[in-house]
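Student:
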Amino acid sequence: MLAHYQTDAGKVRSHNEDSVTIVQNESGDYLLMVADGMGGHKAGEVASSMAVTTIGSRFQKSSSLGSKMDAINWIKEIYGEVNTSIIKYAQEHVDSQGLGTTLVCAIYSKDYLIFANVGDSSGFVYKNKKLYKVTKDHTLVNLLVESGELREEEAEHHPQKNVLMKALGAAEKTEPDVFVVEDPVDGILLASDGLTNMIEKEQIERVLNDESLDIEEKVDKLILKANLRGGNDNISVAYLSEVGEK
4 MLAHYQTDAG KVRSHNEDSV TIVQNESGDY LLMVADGMGG HKAGEVASSM AVTTIGSRFQ
64 KSSSLGSKMD AINWIKEIYG EVNTSIIKYA QEHVDSQGLG TTLVCAIYSK DYLIFANVGD
124 SSGFVYKNKK LYKVTKDHTL VNLLVESGEL REEEAEHHPQ KNVLMKALGA AEKTEPDVFV
184 VEDPVDGILL ASDGLTNMIE KEQIERVLND ESLDIEEKVD KLILKANLRG GNDNISVAYL
244 SEVGEK
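Numbering (the working numbering), first residue to last: 4 to 249.
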């Protein structure tokens, strides 16, 4: 198994509000996370860091999350805890109004693969040289597409494309969507919208399929491509490859 993650401020933003990590627990299970923060006075990086640090440290200390159902319950519970912590922080810091973060995570053990997300950071599986999106974006535009009010082609360049309907810290109760992947996969990729808004899924596939690159070079190349396209946002990628191999 090979793992690598990287984050970059991009070409436009003055600072980076994303947080990203890959950690293992005592059982050797993996947790990948990407969080894209938002809020005034650098509060976005506070929110994303709170999410990634809290959950990462709790996961690392756990010997095992137990069964698939136990893991799903753990995810829901800890997302709720982080949500409450961010709201509390915003109440105690008046310059942090609008504080919040997206959060996509994936937990990989020998028994299950689970994704969870709030917001519009994306989770993918990589299998047979193809990339498949697992998560669904919590955006206004995606809601309109799902309800049939907007076509997918219209959604791509919609002026309100990045309006979030859900984020940690935005409401008293915020539950993640949870997705269980039953089939074996070759890789797991998480990314903030700084990557997915800049380069197409097929372009990401081409990088992942390039056997001349090692895992660090693949992640770096994805970020470079997003920057070459304009780098309009912070860019974060977490990639676990050769999944299932020792």
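The beta-carbon is built from N, C-alpha and C at its ideal position, and this holds for glycine as well.
Given the structure is predicted, the values throughout are model-derived calculations rather than measurements.
If you draw a straight line from the alpha carbon of M53 to that of I89, how long is it in whole angstroms?
Tutor: On the sequence shown, residue 53 is found 50 positions in, with the first residue counted as 1. On the sequence shown, residue 89 is found 86 positions in, with the first residue counted as 1. Cα to Cα, the separation comes out at about 8 Å.
Student: Determine the DSSP secondary structure at V166, reduced to helix, strand or coil.
Tutor: In the sequence shown, the residue the question calls residue 166 occupies position 163. If DSSP states are grouped into helix, strand and coil, V166 belongs with coil.
Student: Please report the Cβ distance between V107 and T138, rounded to the nearest whole angstrom; I am assuming they are in contact, meaning their Cβ atoms lie under 8 Å.
Tutor: Counting from one through the sequence shown, the residue named residue 107 turns up at place 104. Counting from one through the sequence shown, the residue named residue 138 turns up at place 135. The C-beta separation of V107 from T138 comes to about 6 Å, placing the pair in contact by the 8 Å criterion.
Student: Considering only the alpha carbon of each residue, which of V55, V188, E29, D32 lies closest to V23?
Tutor: Residue 23 sits at position 20 when you count from the first residue of the sequence shown. The candidate whose alpha carbon is nearest that of V23 is V55.
Student: Ordered along the chain, which non-local residues of its own chain (more than five positions away) have a Cβ less than 7 Å from that of N86?
Tutor: As a working mapping, residue 86 is identified with position 83 in the sequence shown. Answer for N86: L171, G172, T177, listed in chain order.
Student: What's the C-alpha gap between I78 and R61?
Tutor: Working through the sequence shown from its first residue, we reach residue 78 at position 75. Working through the sequence shown from its first residue, we reach residue 61 at position 58. One C-alpha to the other measures close to 11 Å.
Student: Helix, strand or coil for M201, going by three-state DSSP, please let me know.
Tutor: Along the sequence shown, read from residue 1 onward, the residue named residue 201 stands at position 198. Correct three-state label for M201: coil.
Student: If you measure between the beta carbons of T142 and A38, is that distance less than 7 Å?
Tutor: Locating residue 142 in the sequence shown gives position 139, where the first residue counts as 1. Locating residue 38 in the sequence shown gives position 35, where the first residue counts as 1. No, the Cβ-Cβ distance between T142 and A38 is not below 7 Å.
Student: Just tell me which of V144, L134, K169 has its CA closest to the CA of N120.
Tutor: For this step, residue 120 is matched to residue 117 along the sequence shown. Answer by Cα proximity: K169.
Student: Which residues share a DSSP beta bridge with I238?
Tutor: Here residue 238 refers to the residue found at position 235 of the sequence shown. Bridge partners of I238: D11.
Student: If we call anything under 7 Å between Cβ atoms a contact, is L225 one with V246?
Tutor: Sequence index remark: in the sequence shown, residue 225 carries index 222 (1-based). Sequence index remark: in the sequence shown, residue 246 carries index 243 (1-based). No, Cβ-Cβ distance for L225 and V246 is not below 7 Å.
Student: Could you tell me which uninterrupted alpha helix (DSSP H) segments, each at least 4 residues in length, are contained entirely in the segment 8-85, listed from first to last along the chain?
Tutor: If one requires a minimum length of 4 residues, the alpha helix (DSSP H) runs lying completely within the segment 8-85 are 46-64, in chain order.
Student: Should the segment 4-21 be regarded as contacting the segment 58-72, the criterion being three or more beta carbon pairs within less than 8 Å?
Tutor: no
Student: Indicate the three-state DSSP secondary structure (helix, strand or coil) for N145 in the structure shown.
Tutor: As a position in the sequence shown, residue 145 is number 142, starting the count at 1. The answer is helix: DSSP assigns N145 an H, G or I state.
Student: Out of R16, D180, Y8, V166, state which residue places its alpha-carbon closest to the alpha-carbon of V144.
Tutor: Counting from 1 along the sequence shown, the entry for residue 144 is found at position 141. Closest option to V144, Cα to Cα, is V166.
Student: K136 to M4, Cα distance in whole Å?
Tutor: In the sequence shown, residue 136 corresponds to position 133, counting from 1. In the sequence shown, residue 4 corresponds to position 1, counting from 1. Roughly 21 Å between the two C-alpha positions.
Student: Counting along the chain, where does the alpha helix (DSSP H) carrying L227 start and finish?
Tutor: Locating residue 227 in the sequence shown gives position 224, where the first residue counts as 1. Looking at the DSSP string, the run of the alpha helix (DSSP H) that includes L227 is 218-231.
Student: Does the Cβ-Cβ distance between D3 and D123 come in under 7 Å?
Tutor: A query on residue 3 cannot be resolved here, the shown segment of the chain reaching from 4 to 249 and no further.
Student: Alpha carbon to alpha carbon, how far is K204 from E29? Give it in angstroms, no decimals.
Tutor: By one-based count along the sequence shown, residue 29 stands at place 26. By one-based count along the sequence shown, residue 204 stands at place 201. Cα to Cα, E29 sits roughly 34 Å from K204.
Student: Figure out for me which residue from E175, I191, E220, D32 has the closest Cα to the Cα of N131.
Tutor: Residue numbering aside, residue 131 sits at position 128 when the sequence shown is read from its first letter. Considering only alpha carbons, the answer is I191.
Student: Select from T10, L193, I207, A229 the residue whose C-alpha is nearest the C-alpha of I110.
Tutor: Translated into the one-based positions of the sequence shown, residue 110 becomes position 107. For the residues T10, L193, I207, A229, the minimum Cα distance to I110 belongs to L193.
Student: Helix or strand or just coil, what does DSSP make of A174?
Tutor: Looking up residue 174 in the sequence shown gives position 171. In this structure, A174 counts as coil in the three-state DSSP scheme.
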